[in-house]
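Numbering (the numbering used here), first residue to last: 124 to 283.
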């Protein structure tokens, strides 16, 4: 089966990229034309096992979508590494950087070689300005994800 995840030395085609980003909750309600607009703003980069995508405290400027591989989100506290979550293909992280200009709240470490698509805040701002329908869909989807994650954290905090 040939597909996006079979490539080793090649970047995915724009069509393959559109197919993969369309599978995520952030982009699953976009039309083909809207996906084309978004995919033109997305960059792709590969990372190797053990490499940091970013460090806690770094300036945040992009959201990352995992096309291949897995990522470990961790906090550093008093010289210890505290695991937060493990993310895999089809998931995304760093979304807070799209809505706030604050340092990263955690580090992202590659668990297995990964290919990541990333979307910068300034590109989202351009989408909102020049293509408000697309920008609004993206921000609405992001709001739903953030609300779900907050609700899950609240539920965990209530458990003894």
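A virtual CB, placed ideally from N, CA and C, is assigned to each residue, including glycine. A quick note: this is a predicted structure, and the numbers were derived from the prediction, not measured.
Legend entry - Buried or exposed (CB count within 10 angstroms, at least 16 for buried), residue 224: Counting Cβ neighbours within 10 Å, residue 224 comes out exposed, since fewer than 16 surround it.
Legend entry - Contact the segment 225-236 vs the segment 181-200: 3+ CB pairs below 8 angstroms: Inter-segment contact for the segment 225-236 and the segment 181-200 is present: three or more beta-carbon pairs are separated by less than 8 angstroms.
Inset, instruction - For residue 224, name the three-state secondary structure that DSSP assigns. - result: Residue 224 falls in the coil class under three-state DSSP.
Legend entry - Delimiting residues of the beta strand (DSSP E) encompassing residue 192: Per DSSP, residue 192 belongs to the beta strand (DSSP E) from 185-200.
Legend entry - Best match in 173, 169, 202 and 200 for proximity to residue 187 [C-alpha to C-alpha]: In this structure, 169 is the residue among 173, 169, 202 and 200 with its C-alpha nearest to the C-alpha of residue 187.
Inset, instruction - Taking all protein chains shown into account, decide if residue 139 is buried (16 or more other Cβ within 10 angstroms of its Cβ) or exposed. - result: Its Cβ being crowded by 16 or more others within 10 Å, residue 139 is buried.
Inset, instruction - Compute the Euclidean distance between the alpha carbons of residue 172 and residue 210, then round it to the nearest angstrom. - result: About 14 angstroms.
Inset, instruction - Kindly indicate which three-state DSSP category residue 148 falls into: helix, strand or coil? - result: Collapsing the DSSP output to three states places residue 148 in coil.
Legend entry - Closest by C-alpha distance to residue 214, when choosing among 226, 241, 205 and 200: Shortest Cα-Cα distance from residue 214 to any of 226, 241, 205 and 200 involves 241.
Inset, instruction - Indicate whether residue 183 and residue 220 have their beta-carbon atoms separated by less than 8 angstroms. - result: Result yes, Cβ atoms of residue 183 and residue 220 sit closer than 8 angstroms.
Inset, instruction - Please confirm if the segment 254-272 is in contact with the segment 151-165, defined as three or more CB-CB distances below 8 angstroms between the two stretches. - result: Yes, they touch.
Inset, instruction - Give the straight-line distance between the Cα atoms of residue 206 and residue 198, rounded to the nearest whole angstrom. - result: If I take the Cα positions, the gap works out to 6 angstroms.
Legend entry - Contained alpha helix (DSSP H) runs [length at least 4] in the segment 238-281, N- to C-terminal order: The DSSP assignment places complete alpha helix (DSSP H) segments of no fewer than 4 residues inside the segment 238-281 at 244-253 and 255-281, in order along the chain.
Inset, instruction - Find the nearest neighbour of residue 243 within the set 163, 147 and 135, judged by alpha-carbon distance. - result: Check the Cα spacing between residue 243 and each of 163, 147 and 135: the tightest is with 163.
Legend entry - Sub-8 angstroms separation of residue 144 and residue 165 beta-carbons: Less than 8 angstroms separates the beta-carbon of residue 144 from that of residue 165.
Inset, instruction - Below 8 angstroms CB to CB, which residues in the same chain sit around residue 226 once its five sequence neighbours on both sides are set aside? - result: Here the set comprises 179, 180, 181, 182 and 183.
Inset, instruction - Could you give the DSSP three-state label for residue 156: helix, strand or coil? - result: Residue state, collapsed to three classes: helix.
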